[in-house]
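J.: Numbering (the UniProt record's numbering), first residue to last: 1 to 1246. Below is a structure I'd like to ask you about.
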Amino acid sequence: VYGLIYHSPYQEEITTDFSASPQISEDQQDVDLAILTALLKGTNMSASDQLNLALAWNRLDIAKKHILVYGQHWKVGALEQAMLDALVMDRVDFVKLLIEHGVNMHRFLTISRLEELYNTKQGPSNLLLHHLVRDVKQNTLSVDYKISLIDIGLVIEYLLGGAYRSSYTRKHFRILYNDIYRKHKVNSVKWLPRKSKIMGSAESTLHSQFFRTAQPYKYKERSTALHKCKKKSKDDTNFAENSESSGFIYPYNDLLVWAVLMKRQKMAMFFWQHGEEAMVKAVVACKLYRAMAHEAEQSNMVDDTSEELKKYSKEFGQLALDVLEKAFKQNEQMAMKLLTYELKNWSNSTCLKLAVSVGLRSFISHTCTQMLLTDMWMGCLKMRKNSWFKVIMSILLPPTILMLEFKSKAEMSHVPQSQDSHQFTWYHGDQSPTSPKDVAQKIDESQVDGGQGNLPGIRKIYEFYNAPIVKFWFHTMAYMAFLMLFTYTVLVKMEPRPSVQEWLVIIYIFSTAIEKVREVFISEPGKFRQKVKVWIYEYWNFTDSVAIILFMIGFGLRWSDPPVQTAGRLLYCLDIIFWYTRLLDLFAVNQHAGPYLTMIGKMTANMFYIVVMMAIILLSFGVSRKAILSPEEPPSWTLARDIVFQPYWMMFGEVYAGEIDVCAETYCPPGSFLTPFLQAVYLFVQYIIMVNLLIAFFNNVYFDLKSISNKLWKYNRYRYIMTYHEKPWLPPPFILLSHIGLLINRIFHHRPPNELDQEEGDVGLKLYLSDEELKKLHDFEEQCVEKYFHEKNENLSSSDSERIRLTTERVEEMFLQLKEVHEKVFYIKESFLSLDSQLGHLQDLSALSVDILKVLSAVDTLQVEEALLADTKHRTCRKLPHSWSNALYSKTLSSLECLYHGRAKESCWLGRMVIRFDTGTHCSLLGFVHYHKVLPGAFETQPACWLFITAVKSMLFAAVERNNLMRLAQTIPFTPVQLFAGEEVTVYRLEESSPMNLDKSMSSWSQRGMAAMIQVLSREEMDGGLRRAMKVICTWSENDILKLGQVFIVKSFLPEVVQTWEKIFHDGTVLHLCLREIQQQRAAQKLIYTFNRVKPHTIPYTPRFLEVFLIYCHSANQWLTIEKYMTGEFRKYNNNNGDEITPSNLLEELMLAFSHWTYVYTRGELLVLDLQGVGENLTDPSVIKPEDKKSGKMVFGPANLGEGAIRNFLTKHRCNSCCRRLKLPGRFKTPNRLLFWMNFHPPFFF
């Protein structure tokens, strides 16, 4: 960048001044803003290059203010390339900005670009997508494998599950994709040499190195240049554009899926807000995220990917629920239509069906969904009370059907229906409308007519038997009759040939089997294997399949001879269990009994691990018991039964009391006395612990599901309603008639086979809308989304937390403004002070000029001598107030002397050279007598010259003093008040007789204290073991005893410490403690001074102790200590009890060696411990000295723990490298033995 600017011919134009002074705002302090603005201003980049640069730097403000402005010209596709870069780099704000400036997403999103987005390496990485592609392809992928959209379609189908069919895997998309891929492959091979040539020349440009950071997708523009060079034919270009653009009807949906699969939540939320089908997009995103979270858990990913994906899934699930709630409040019928209208872009499914597959219980249990399910359950029947009684009576007495009340077409306009019902409705209507206007007109007429008058009798009969509630009761009555016949068949003697009752049972079960096969074939589109897999996943379908297969096997065996026939009868007896169990599913329709079925299923599924543990305990006891009681048992299969038989029943309270004492019988096996003990332990563990644990587990499951029982029942209603919606209205065995009718209908309405129709066949209940109705529904949904976000923003802004946040932001903004105002005021004060100083100089000069003019006037009138004598009589010299007065006066005086008399010029020069002005208390003439002796003639011949000089000097002093007094009065208001703020204190210091040689100096307290002002910086106190501390700043001090503006730490003893030592120091306890603390630190200072002089030069560190002062606070009437505040990492090297840290560096070893050295140097009398501080600066040491504290002769502070600390230090200290360099003894000795050792082994520093 510097090279480009330096060699640019527009160097002056692109130069931008940048200042980071505190007076400017934060926006101007942004270095990125300054650099990028200078680059955009000084370089001749195109608009697309500037946009790419701002995009790479992620500066949306620059793009808004300087690039995407009115009147800017853009190349074709330039904004689309920027859109691609923004998507790849996950710049949500730039994507929004580009869409606002006219980027058409329908034209932008092509197959090649979408595939490139899935294969990008920029932005957040998502390894889970590659794992999913590998799983669906069931093979290992290479490192450079390129994910195709067909692979993405397989992943989407795998995640959404069921019979969902992605649009990326359909036949027409595969054909289109293969054509595009083939054309790109041919073009890339054909133009490869020219492409390499153009790319090589492009990289050799002057700015290629610079733009590489700003344009990560620069090769796109190169490919555009290649296309221009190739000059493709218009037909090929049009075909490529049309083929690529025709693949995505709803581009925002495809981009939403891309953002979800790439785990870009912010981008996904942005695309969800744009385009149509907002509710279903939220449901699909919720399902994808939830399935990805499950796959992440199964893949044993060590990071928190699974939890993150679950969080994203909940966010989209809540969005779907919020949009449904908003739509339901706006228009109930339109909200219901949003749930069931056909989604052509989502495998021809419905939003309600996708929500059920996701498991959004809150969404399904919503009032809108439940009202829709109720309308679907009742069909066209208009019943409110005693619906079951009316339905059963109408089934038993068919003529009463005509007396029932039915809904009108307007009331059923939001209810979904199958394709056959839809065709039947319009076929039996008055006229088949051919346009949406006709449909709307017929609906309006039906709303006016209403009621049952517009439904003919045939239509009423059809609607009655087609209602799911009627099918439910009809099938239930037939099933109860079947169970009665089956029960009778298994209870009576089986004849060689089936009876009439048995034949009815056989026909019922075989017709049911045919119905199950039909259900598999008419299920959602897909391969037969997938149909079976989806169908068998339903629990009751699985049990029905087992019951049917078991009955067929029994039916085949019952035709054989009696031994085999008996086996067939036994299979009948076992098979009826499944058919009786099937009755439980009928209770699921009831709101009160339905949740209990869910609880049973939950308990059965979750008790697996507890049952396994109970089985292990049972086997351990059963095998041991059987082996002890039957030592001579021959091999037999009955052993397996005997092992578990009695132990199993013992779990339910049967203890077999008669068999506990085996020796009561004649035969007593060896070791049989152990079985009672083993049985007691087994019953305690199994019956008391495990059984109660299982009961507690069931109790927990019950209470968990009881709290959401109503929501569970509402969620499961969809399955029951859809089950009976798809069933023929005739129950088995009459269902065979319905099958024959469906077969005839399919034959007469047969259409030629079409692959597209086969893939997109209409299955299930849907709401069929015209294009105009679909457009109105989409507009309604978009309005609901807009209102939802509008209300959400209002609620957010009106919430307490948001108000607090806004208030905080405003307070911070005001604080910054006040800070700027304070800085400006300070700057203005400084300017005024400078201006005042300059004005003072001008006033002095003006006064001097006036006085000189007076003198010159007196000379002209020949009255100089009289004026001078009158003016200089009895005048004393005055103090010069300014240091610069000497120089100014000297220069002015020399000029006056030369102007006064030309003949006396040399003499005046001599006099000027010997005059010295003292700025102390007096003004004197030094060396004048000496010069008078040397040169007497000079002063004798020119007496007036000296008088003139003396007079001018006195007059100048008077003028300057007068002006300075005036200036002092003017500058008083500008004196900073904060310099004298705080508390007044008196400072005392421990003075030294020889400050430069502390080891030879005597210490004594100063007799006179110095005044100072300190101000508390923070009220937060820092407590220690003996004292508390507080930070203060010095605002003024006498003779600079405390440095002005320096931060200090003021320390005071804790009340409990003072109370303890009052027993020894009865008067002035705090003063005594403070004095001894300061004396203690001064003793440590002297020791470390000597230590630094004798330590080897190879040790680079020079530790030192801070100086501590004694202060007396007048306002608090309290004695305190004060020392300099240290900034940095505070470390503690050892404690006053002798404990020390494990050294990790040379500095820590030196600190510990210093403590060792003090003990050796003082011959065991003193030991400096409690070393702490920042780096080489130490404070608050503890000088340990054996002494009697009760005697009142304590020399050092209260932290002195005496001989106990010394003994502990002697025991725990480990010599380090610094100790060895100082030649300290490696093993400590008592003071007496240490003295003996030092006499014969003196260290080098003694």
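Note that CB positions come from ideal geometry on N, CA and C, so glycine has one too.
Who are the near neighbours of Gln1118 in its chain, counting only those whose CB is closer than 8 Å to its CB and skipping five residues on each side?
T.: If we look at Gln1118 and ignore the five residues flanking it on each side, its Cβ neighbours are Ser1052, Val1070, Tyr1112.
J.: Across the segment 342 to 354 and the segment 159 to 170, are there enough close Cβ pairs to call them in contact, namely three or more that are closer than 8 Å?
T.: Yes: the two stretches touch, three or more of their Cβ pairs being nearer than 8 Å.
J.: Measure the C-alpha to C-alpha separation of Phe555 and Val532 and round it to an integer number of angstroms.
T.: Cα-Cα distance, rounded: 25 Å.
J.: Less than 6 Å between C-beta atoms, sequence neighbours within five positions excluded: which residues of the same chain meet that for Gly622?
T.: Cβ within range, chain order: Ile643, Val644, Pro647.
J.: If you reduce the DSSP assignment to three classes, tell me which class Cys1034 lands in.
T.: Strand, per DSSP.
J.: Just checking my contact of Leu68 with Val103 at CB under 8 Å: how many whole Å lie between their CB atoms?
T.: Not confirmed; about 11 Å, so no contact.
J.: To the nearest angstrom, how far is the alpha carbon of Tyr718 from that of Cys368?
T.: Each residue's Cα considered, the two are about 13 Å apart.
J.: Let me confirm a value: Lys311 is counted as buried when at least 16 other C-beta atoms fall within 10 Å, else exposed. Which label applies?
T.: So Lys311 ends up on the exposed side.
J.: Between the Cα of Leu683 and the Cα atoms of Gly1138, Leu639, Ser620, which residue gives the shortest distance?
T.: Comparing Cα-Cα distances from Leu683 to each of Gly1138, Leu639, Ser620, the minimum goes to Ser620.
J.: Count the other CB atoms, across all protein chains shown, that sit within 10 Å of the CB of Phe587; report buried if there are 16 or more and exposed otherwise.
T.: Exposed is the call here.
J.: Is Arg1027 helix, strand or coil when you go by DSSP?
T.: Looking at Arg1027 - three-state DSSP - the assignment turns out to be strand.
J.: Could you name each continuous alpha helix (DSSP H) segment of 4 residues or more that falls completely within the segment 1062 to 1140, going from the start of the chain to the end?
T.: Entirely contained in the segment 1062 to 1140, the alpha helix (DSSP H) runs reaching 4 residues are, in chain order, 1069 to 1094.
J.: Which residues does DSSP list as the beta-bridge partners of Ala627?
T.: Answer is none; Ala627 lacks a bridge partner.
J.: Taking DSSP's pairing of strands, which residues face Ser1217 in a bridge?
T.: None; Ser1217 has no bridge partner.
J.: Ends of the alpha helix (DSSP H) at Lys314?
T.: Unbroken alpha helix (DSSP H) run through Lys314: 305 to 330.
J.: Can you check which of these residues, His414, Ser365, Pro416, Lys460, is closest to Glu405 by C-alpha distance?
T.: Nearest of His414, Ser365, Pro416, Lys460 to Glu405, Cα basis: Lys460.
J.: Determine the DSSP secondary structure at Trp503, reduced to helix, strand or coil.
T.: DSSP places Trp503 in helix when its eight states are reduced to three.
J.: Using the C-alpha atoms, what's the distance from Tyr462 back to Ser523?
T.: Whole-angstrom Cα-Cα distance: 23 Å.
J.: Over the uninterrupted beta strand (DSSP E) stretch that includes Lys531, give me the two end residues.
T.: Lys531 -> not in any beta strand (DSSP E); alpha helix (DSSP H) instead, spanning 528 to 536.
J.: Whether or not the segment 1210 to 1226 and the segment 1146 to 1161 are in contact is what I'm after, with contact meaning three or more pairs of Cβ atoms, one per stretch, closer than 8 Å; do they touch?
T.: Short answer: they touch.
J.: Give the straight-line distance between the Cα atoms of Asp999 and Ser993, rounded to the nearest whole angstrom.
T.: Going by the C-alpha atoms only, they are around 11 Å apart.
J.: Please classify Thr638 as buried or exposed, where buried requires at least 16 neighbouring CB atoms within 10 angstroms.
T.: Its Cβ having fewer than 16 others within 10 Å, Thr638 is exposed.
J.: Report the CB separation of Thr1179 from Val1168 in whole angstroms; it is logged as a contact under 8 Å.
T.: At roughly 12 Å, the Cβ-Cβ gap does not stay under 8 Å, so Thr1179 and Val1168 are not in contact.
J.: Unbroken alpha helix (DSSP H) runs of length 4 or more, entirely within the segment 659 to 740: which are they?
T.: The segment 659 to 740 contains these whole alpha helix (DSSP H) runs: 674 to 682, 691 to 707, 709 to 726.
J.: Determine the direct distance from the alpha carbon of Ser1037 to that of Pro976, and round the result to whole angstroms.
T.: Residue placement at Pro976 cannot be trusted, given a pLDDT of 39 that sits under 50; the coordinates are not used to answer.
J.: Going by alpha carbons, who is nearest to Arg1104 out of Leu1110, Arg1093, His1097?
T.: The shortest C-alpha separation from Arg1104 is found at Arg1093.
J.: Would you call the segment 105 to 117 and the segment 276 to 296 touching, i.e. three or more CB-CB distances under 8 Å?
T.: No, they do not touch.
J.: Mapping the DSSP letters down to three states, classify Val1016 as helix, strand or coil.
T.: It is a strand residue.
J.: Please tell me whether Leu159 and Ala291 are closer than 9 Å, where the distance is taken between their beta carbons.
T.: Contact flag set, yes.
J.: Let's test the definition: count the other Cβ atoms within 10 Å of the Cβ of Ile577 and tell me whether it reaches 16, buried, or not, exposed.
T.: Ile577 should be labelled exposed.
J.: Restricting to Cα atoms, I'd like to know which of Cys573, Phe389, Asp661 is closest to Met494.
T.: Checked all of Cys573, Phe389, Asp661; the closest Cα to Met494 is Cys573.
J.: Grouping DSSP H, G and I as helix and E and B as strand, with all else coil, what is Gly601?
T.: DSSP places Gly601 in helix when its eight states are reduced to three.
J.: Can you look up Thr986 in the DSSP assignment and give me helix, strand or coil?
T.: In this structure, Thr986 counts as strand in the three-state DSSP scheme.
J.: Where does the unbroken alpha helix (DSSP H) through Leu1147 begin, and where does it stop?
T.: First-last of the alpha helix (DSSP H) with Leu1147: 1146 to 1161.
J.: Comparing C-alpha positions only, which one of Asp1170, Gly601, Ile147 sits nearest to Gly1138?
T.: When only C-alpha atoms are compared, the closest one is Asp1170.
J.: Tell me whether Trp473 sits in a helix, a strand or coil according to DSSP, three-state version.
T.: Correct three-state label for Trp473: helix.
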